[in-house]
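This report concerns only the one structure given below.
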Amino acid sequence: MITRTDRARQKATAVEPDRPAKAKRQKGQERRERQGEPESQGQSEPQGQPEQPEARGRQGVQLLALALGFVMATLDVTIINVAGPQLRTGLDLSLAGLTWVVDGYVLVFASLLLLAGSLAGRFGARRVYLTGLGLFTAASLVCAVAPVAAVLVAGRLAQGAGAALFMPSSLTLLMNAFPGGPQRARVLGVWSAIVSTAAGVGPAVGGLLVGGLGWRSIFLINLPVGLAALVLARRYVAPLPGRAVPLGAGGHALGLVALAALAYGLIQGPETGWDAAPVLAAFAVALLAGAAFAVRERAPGTTARVLPGELFANAHFSTANAVGFLFNLGCYGGMFMLGLFLQNARGASPLEAGLQLLPTQMVFLLGNILYARLGHRVGNRAALAGSLLYSAAGTIALALVLSPELPYWVLAVVLGAFNTGLGVASPAMTGALMDAAGREHANIASATLNANRQIGTLVGIAVMGAVLAGAGGWYAGAAASFALTGGSYAAAALLAWFGLRPPRAGRAVHTSGPAARTLPG
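Using my numbering, read the sequence shown as starting at 45 and increasing by one per residue.
See below:
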């Protein structure tokens with residue numbers, strides 16, 4: 045005898061198979077809308093079929109279009125380091141002039157990143173990305189044809205402004221095209237692999253270009269890359285609408301003054317002396333402007349904040365930014381030291397130094413691939429803390445065994461093995477930050493992380509320069525620098541482990557964007 049309950053159960057079972065199909069169709073439609081693809085015309089998505097090759101190809105082109113800007117900016121930082129002697133003789137540059145050519149780019153870049161993030165939110169990320177690409181490409185042409193030092197410095201400053209516009213926008217567009225889950229982890233890994241490859245081959249490419257075609261070629265190489273990025277992004281990357289919100293010009297002005305003054309002091313300190321009046325004045329201005337910025341941002345009556353109040357209250361966001369600062373301090377400060385060490389202590393030419401650095405930098409690619417495969421499984425917290433601690437252990441061990449008798453191949457193998465951890469840490473750090481900020485605050489969050497990382501680069505180079513100058517020998521200075529680098533990685537690992545802890549049950553809910561979040565305990 046069939047009861048009423050049995051008939052109800054049979055009815056529910058009969059309709060249940062339609063639910064997964066409906067959910068899958070809805071999910072496919074949402075994916076197409078996010079990527080700017082047209083809606084299907086009366087045809088449902090095939091059930092149980094893998095993603096079509098056309099869709100995968102489109103996503104690959106989107107990824108390439110958004111990575112090319114990062115490639116240009118990264119190459120320009122690393123390539124120019126081997127062009128110093130030719131630049132000085134070709135344009136009759138003083139040492140201070142060469143410093144501004146190399147570091148003026150970083151100064152403008154770091155100073156404008158927060159403003160660029162807000163502009164992307166106001167006018168749309170794709171529009172700002174394309175504007176930055178156009179400015180960077182045009183500035184590269186100015187640098188390539190510069191007849192005198194002043195024009196070259198002006199072109200480098202304009203390159204920094206262009207990079208500040210397109211770098212945070214590109215990450216926002218990437219997160220919009222690949223919104224979450226295992227796919228985002230894979231894409232972040234591939235993205236970081238592309239950028240890491242550019243950074244790794246930069247010194248070797250620079251040595252080959254400068255030796256074969258002259259210093260102007262290191263800027264001319266940006267022209268085809270920039271034009272390709274402009275065409276691909278305009279055709280394949282979906283636009284994101286801006287929002288009519290105030291830019292917070294007062295806060296941006298204070299932040300720009302603070303960062304520019306700090307960068308000036310760090311750049312000029314090694315050249316003119318840390319106790320020189322202009323350097324001390326720059327640090328004083330940076331401190332005062334930074335304090336005024338913090339007061340303005342936290343004031344109850346402030347309506348147009350540079351950083352949304354939710355981000356200030358989000359411990360995960362603050363942790364990811366602190367980790368980014370320490371990561372760049374150790375990584376780029378260490379690379380700056382290593383390039384000088386190989387040439388001055390071990391007698392390598394610029395090209396030889398670039399080639400010797402190649403295997404120690406290309407392993408970043410391996411770390412990126414590891415994150416792409418494992419990041420979603422272990423989570424950003426474990427991936428970030430574990431990889432940084434691994435790199436810290438190897439770098440500190442190298443500081444203990446470094447000596448004139450140590451063969452190059454041992455140095456390269458040890459650095460290569462433990463730099464793999466940095467390749468895992470970089471996309472994990474980005475993923476942790478974007479998870480904390482949410483899609484609503486992606487532009488300003490990306491700009492904040494990049495600004496903190498660039499400040500870390502400036503501080504790292506300045507500190508490593510001071511350590512090398514005061515150590516009493518290249519090997520002693522290199523050992524001290526390796527120890528400092530390892531210490532920065534270890535501090536970042538501890539911050540990541542304790543600062544990115546999952547929320548405790550019963551904690552208050554914090555909203556960042558459309559999704560509710562729970563504050564970490």
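Where is the CB? At the ideal position from N, CA and C, for every residue including glycine.
For residue 242 and residue 350, the gap between their C-alpha atoms comes out near 32 Å. The Cβ atoms of residue 432 and residue 235 lie no closer than 8 Å to each other. Per the Cβ contact rule, the segment 460–478 is not in contact with the segment 501–513 (fewer than 3 Cβ pairs under 8 Å). Secondary structure of residue 200 (DSSP, three-state): helix. Under the three-state reduction of DSSP output, residue 532 falls in the helix class. For residue 296, the enclosing alpha helix (DSSP H) covers residues 293–316. Between the segment 197–212 and the segment 146–161, the count of Cβ pairs shorter than 8 Å is three or higher; the stretches touch. For residue 540, the CB contacts under 7 Å within the same chain, skipping 5 residues up- and downstream, are 363, 367, 425, 428, 429 and 432 in chain order. In this chain, the alpha helix (DSSP H) harbouring residue 337 covers 321–342. The residue from 513, 486, 299 and 410 with its alpha-carbon nearest to that of residue 237 is 410. Annotated as distal: residue 200 and residue 250, with beta-carbon spacing of 8 Å or more. Annotation: the continuous alpha helix (DSSP H) that includes residue 475 extends over 452–481. DSSP, read as helix, strand or coil, puts residue 131 in helix. In this structure, the straight-line span from the alpha carbon of residue 408 to that of residue 415 is close to 11 Å. In the pairwise beta carbon analysis, the segment 168–181 is classified as touching the segment 263–277: at least three pairs are separated by under 8 Å.
Of the candidates 420, 245, 309 and 423, the residue whose Cα lies closest to the Cα of residue 404 is 245.
Contact check between the segment 446–453 and the segment 469–479: fewer than three CB pairs, one atom from each, fall below 8 Å, which does not count as touching.
Cβ contact annotation for residue 168 (same chain, cutoff 7 Å, sequence separation greater than five): 283, 284, 285 and 286, in chain order. The beta carbon of residue 439 is closer than 7 Å to those of 462, 526, 529, 530 and 533 in its chain, skipping five residues each way along the sequence. Note on residue 161: 16 or more other CB atoms within 10 angstroms of its CB, so buried under the neighbour-count rule.
Taking the Cα of residue 115 as reference, the smallest distance to any Cα among 521, 265, 146 and 471 is reached at 265. Distances from the alpha-carbon of residue 193 to those of 412, 145 and 205 put 145 closest. Rounded to whole angstroms, the gap between the alpha carbons of residue 329 and residue 304 is 9 Å. A residue is called buried once 16 or more other Cβ atoms fall within 10 Å of its Cβ, and residue 170 is buried on that count.
Separation of residue 302 and residue 173 (C-alpha to C-alpha, rounded to the nearest whole angstrom) is 25 Å.
In its chain, beyond the 5 residues on either side, 222 have a beta carbon closer than 6 Å to the beta carbon of residue 231. Contact between residue 500 and residue 359 fails: their C-beta atoms lie close to 20 Å from each other, not under 8 Å. DSSP places residue 365 inside the alpha helix (DSSP H), whose first and last residues are 359–388.
The DSSP-derived three-state label of residue 446 is coil. The continuous alpha helix (DSSP H) containing residue 262 extends over residues 261–264. Linking residue 397 to residue 490 through their CA atoms gives a straight-line distance of about 33 Å.
Of 406, 389 and 423, the smallest CA-CA separation from residue 546 is found for 423.
In terms of Cβ geometry, residue 337 and residue 295 form a close pair [threshold 8 Å].
The three-state reading of DSSP puts residue 186 in helix, counting H, G and I together.
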